[in-house]
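K.L.:
Count along the sequence shown starting at 1, add 340, and that's the number in the numbering used here. The structure that follows is given in the form of C-alpha cells.
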Amino acid sequence: QDIQAYSPVSSRDKITLEIKQGTPAPLKLDWNESTVPPSPSVKEALKDALEKDMNLLNWYPELYSRKLVSKLSGYTGRSANEILVTNGSDDALELICKVFLDPGDHVLVPYPTYTHFITYVQSRGAVLKKVETPDPFSPDITSIISNVTPDTKLIYIVNPNNPTGVLLSKKQITTLCSIVKNAVILVDEAYFEFSGETVSDLIDVYPNLIVTRTLSKAWALAGLRVGYILANPYTVNELSRVLNPKSVSTLAQVAASAALSDTEYMQRFVNEVEASKIILLDFFRKKNITAHDSAANYIMVQHPKLEKLLAEMENENIFVRDRSSFKNLPDFFRITIGNHWQTEDLIERLERVLTRI
Numbered sequence: 341q342d343i344q345a346y347s348p349v350s351s352r353d354k355i356t357l358e359i360k361q362g363t364p365a366p367l368k369l370d371w372n373e374s375t376v377p378p379s380p381s382v383k384e385a386l387k388d389a390l391e392k393d394m395n396l397l398n399w400y401p402e403l404y405s406r407k408l409v410s411k412l413s414g415y416t417g418r419s420a421n422e423i424l425v426t427n428g429s430d431d432a433l434e435l436i437c438k439v440f441l442d443p444g445d446h447v448l449v450p451y452p453t454y455t456h457f458i459t460y461v462q463s464r465g466a467v468l469k470k471v472e473t474p475d476p477f478s479p480d481i482t483s484i485i486s487n488v489t490p491d492t493k494l495i496y497i498v499n500p501n502n503p504t505g506v507l508l509s510k511k512q513i514t515t516l517c518s519i520v521k522n523a524v525i526l527v528d529e530a531y532f533e534f535s536g537e538t539v540s541d542l543i544d545v546y547p548n549l550i551v552t553r554t555l556s557k558a559w560a561l562a563g564l565r566v567g568y569i570l571a572n573p574y575t576v577n578e579l580s581r582v583l584n585p586k587s588v589s590t591l592a593q594v595a596a597s598a599a600l601s602d603t604e605y606m607q608r609f610v611n612e613v614e615a616s617k618i619i620l621l622d623f624f625r626k627k628n629i630t631a632h633d634s635a636a637n638y639i640m641v642q643h644p645k646l647e648k649l650l651a652e653m654e655n656e657n658i659f660v661r662d663r664s665s666f667k668n669l670p671d672f673f674r675i676t677i678g679n680h681w682q683t684e685d686l687i688e689r690l691e692r693v694l695t696r697i
C-alpha cells in the first residue's frame with residue numbers, strides 16, 4: 341500500500357486521439373524513444389520469420405534467447421555466459437532487485453533519476469536513500485561515496501543520467517567500485533550508444549558490478565521490449581535462477597538479432613542525433629533560454645513560463661516531458677532529439693510557440 345506507483349506520463353493517447361486534421365504531424369519527444377523506425381532489416385526479418393516458421397507464434401520462444409545472446413556477445417565483446425537477455429531493461433532492473441534486495445536493505449540512488457527503479461526497490465521492502473547533489477548537472481561521485489554506509493546493499497547509477505544527461509566517467513565509477521566492495525553497484529547504460537562510454541569491461545575486475553542496457557533507444561525497438569544484463573558469470577547464474585527464461589518473445593528476439601546485424605543504420609541515427617543536439621542547443625541559447633547539453637539523446641530546458649510553454653507546444657503537436665516535479669529541476673522539461681529534418685521542423689514550430697508566450 342505504501343509503494344509509490346511509477347507515473348508513466350505519455351503523450352501517446354493524446355497523439356492517437358486528439359490530433360486534428362490539418363495540423364502538423366506529431367513530434368513525440370517525451371520518452372526518449374528513437375524518432376525513426378528501426379533498420380529495414382528488422383521488418384524484413386520479421387516478415388521472413390512469419391512466412392517461413394509455421395510454429396513461430398504458437399510455440400514458446402527460444403529459452404534464454406540463446407541466438408540473441410550470441411549476437412550480443414559479438415556486439416559487446418563479452419562472453420555468452422556474461423550476458424542475460426530480459427524483457428526490456430526494466431525487467432533487468434526488477435530482476436536484480438528481486439535477487440539482491442531483502443526487506444530493510446539500504447539502496448543508494450543519486451537523485452533525480454529514473455523513477456521506475458524506485459518502485460522496484462520499494463516492492464522489495466528496501467530502504468531508499470536519495471542523494472541530491474548540489475548541482476544536478478555536474479558529475480559528482482563524491483556525494484555518492486560520502487553517503488555509503490555499512491548497511492548499503494545496492495547503488496543505482498543511470499549513466500548517462502535520466503533526466504539530466506550527466507555522464508560519470510569510467511574513472512569515477514572505478515573509484516566507486518574500488519571503495520565500495522560489499523554492495524551491488526548497478527550501472528544503467530540505457531543510453532550507451534549515444535554516450536559511447538561504458539564500464540562493462542570493469543566486470544572483469546569488480547564482481548559486484550552489474551551493467552544493464554536496452555534496445556529501446558538507439559536501436560528503435562521500444563515496442564518489442566528487449567534489454568540485457570552484463571555481469572560476471574557467477575552473477576548471471578544467480579540472476580538466472582529467478583529469470584523467466586521465456587519472457588522475451590520470439591518476435592522480439594528475431595527483431596533484435598536483425599537490428600544488431602545492421603549497426604551502421606543505428607550509428608547513422610546516433611550521429612544525426614548528435615548533430616541535431618548541437619543545432620537545438622544553439623537555438624535555445626540564442627533565445628536566451630537555459631538548455632543543458634547531455635551525453636544522451638535528450639536535453640534539459642528551463643523556462644520561467646513552463647506551464648504556458650508546454651500548452652503552446654502541444655498546440656503545435658510537440659510533446660515533451662515535464663520534469664519540474666523534481667525539486668532541484670524547477671521549470672525544466674526534457675526533450676528528445678530526433679534527426680536533422682525533425683529538428684528543423686521542431687525549430688520552426690518553436691519559433692511560433694515563443695512568439696505566443
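All C-beta atoms in this analysis are idealised placements derived from N, C-alpha and C, irrespective of residue type, glycine included.
Using the Cβ count rule (16 or more neighbours within 10 Å means buried), how would you classify Met606?
P.N.:
Met606 should be labelled buried.
K.L.:
Report the option in Glu529, Asp671 and Leu367 whose CA atom is closest to the CA atom of Ala636.
P.N.:
When only C-alpha atoms are compared, the closest one is Glu529.
K.L.:
In the DSSP assignment, find the unbroken alpha helix (DSSP H) run with Ile436 in it and report its ends.
P.N.:
Residues Gly428 to Phe440.
K.L.:
Apart from the five residues on each side of it in sequence, which residues of its chain come closer than 6 angstroms, Cβ to Cβ, to Leu564?
P.N.:
Once the five neighbours on either side are set aside, the close Cβ partners of Leu564 are Ala592 and Ala595.
K.L.:
Here's a check: name, in chain order, each residue in its chain whose Cβ is nearer than 7 angstroms to the Cβ of Ser483, leaving out the five neighbours to either side.
P.N.:
These residues qualify, in order along the chain: Val471 and Thr473.
K.L.:
Alpha carbon to alpha carbon, how far is Pro479 from Thr676?
P.N.:
Rounded to the nearest angstrom, the two C-alpha atoms are 21 angstroms apart.
K.L.:
Who are the near neighbours of Asp671 in its chain, counting only those whose CB is closer than 7 angstroms to its CB and skipping five residues on each side?
P.N.:
Excluding residues within five positions, the ones whose Cβ falls inside 7 angstroms are Gln642, His643, Pro644, Leu646 and Ser664.
K.L.:
Confirm, please, whether the CB-CB distance from Ala560 to Pro378 is below 8 angstroms.
P.N.:
Contact flag set, yes.
K.L.:
Report the three-state DSSP secondary structure of Ile619 (helix, strand or coil).
P.N.:
Helix, per DSSP.
K.L.:
Going by beta carbon distance, what residues of the same chain come within less than 8 angstroms of Tyr415, once the five residues before and after it are set aside?
P.N.:
Excluding sequence neighbours, Tyr415 sits near Leu600 and Thr603.
K.L.:
Let me check understanding here. Comparing Cα to Cα, which of Arg352, Thr363, Val376 and Leu386 lies closest to Asp370?
P.N.:
Ranking Arg352, Thr363, Val376 and Leu386 by Cα distance to Asp370 puts Arg352 first.
K.L.:
At the level of alpha carbons, what is the spacing between Ser463 and Lys438?
P.N.:
Near 9 angstroms, if we compare the C-alpha coordinates of Lys438 and Ser463.
K.L.:
What is the DSSP secondary structure of Ala631, reduced to helix, strand or coil?
P.N.:
In the structure shown, Ala631 sits in a strand (DSSP, three-state: E or B).
K.L.:
Any idea what DSSP makes of Tyr605, helix, strand or coil?
P.N.:
Three-state DSSP puts Tyr605 in a helix.
K.L.:
On the DSSP bridge assignment, give the partners of Ile550 in chain order.
P.N.:
Its beta-bridge partners are Leu526.
K.L.:
Can you list, in chain order, the residues of its chain whose CB lies under 8 angstroms from that of Ile423, leaving out five sequence neighbours each side?
P.N.:
These residues qualify, in order along the chain: Val409, Leu412, Ser413, Thr416, Tyr568, Ile569, Leu570 and Val576.
K.L.:
Looking at the unbroken alpha helix (DSSP H) that takes in Lys392, where does it start and where does it end?
P.N.:
Element bounds for Lys392: Pro380 to Lys392.
K.L.:
On the CB-based measure, 16 or more other CB atoms within 10 Å of its CB, does Leu397 come out buried or exposed?
P.N.:
The residue in question, Leu397, is exposed, as its Cβ has fewer than 16 Cβ neighbours within 10 Å.
K.L.:
According to the Cβ coordinates, are Pro401 and Ser589 closer than 8 angstroms?
P.N.:
It is a contact, given that the beta carbons lie within the stated cut-off.
K.L.:
Around the Cβ of His680, are there at least 16 other Cβ atoms within 10 angstroms (buried) or fewer (exposed)?
P.N.:
Exposed: under 16 other Cβ atoms inside 10 Å.
K.L.:
How about the stretch 483 to 494 and the stretch 515 to 523: do they share at least three Cβ pairs that are nearer than 8 angstroms?
P.N.:
The stretch 483 to 494 vs the stretch 515 to 523: in contact.
K.L.:
Return the chain-ordered list of same chain residues with a C-beta closer than 8 angstroms to the C-beta of Ile481, the five sequence neighbours on each side being excluded.
P.N.:
Result list for Ile481: Leu508, Gln512, Ile513, Thr515 and Leu516, in chain order.
K.L.:
Is Asp662 helix, strand or coil by DSSP?
P.N.:
Correct three-state label for Asp662: strand.
K.L.:
According to DSSP, which residues form a beta bridge with Thr492?
P.N.:
BP columns for Thr492 point to His446.
K.L.:
What are the boundary residues of the beta strand (DSSP E) that Glu472 is part of?
P.N.:
Per DSSP, Glu472 belongs to the beta strand (DSSP E) from Val467 to Glu472.
K.L.:
Give me the Cα-Cα distance between Thr552 and Met653, rounded to the nearest whole angstrom.
P.N.:
When rounded, the distance between both Cα atoms is 34 angstroms.
K.L.:
Does the Cβ-Cβ distance between Val582 and Leu435 come in under 8 angstroms?
P.N.:
Yes, Cβ-Cβ distance for Val582 and Leu435 is below 8 angstroms.
K.L.:
Which of helix, strand or coil does DSSP assign to Val520?
P.N.:
Reduced to three states, the DSSP call for Val520 is coil.
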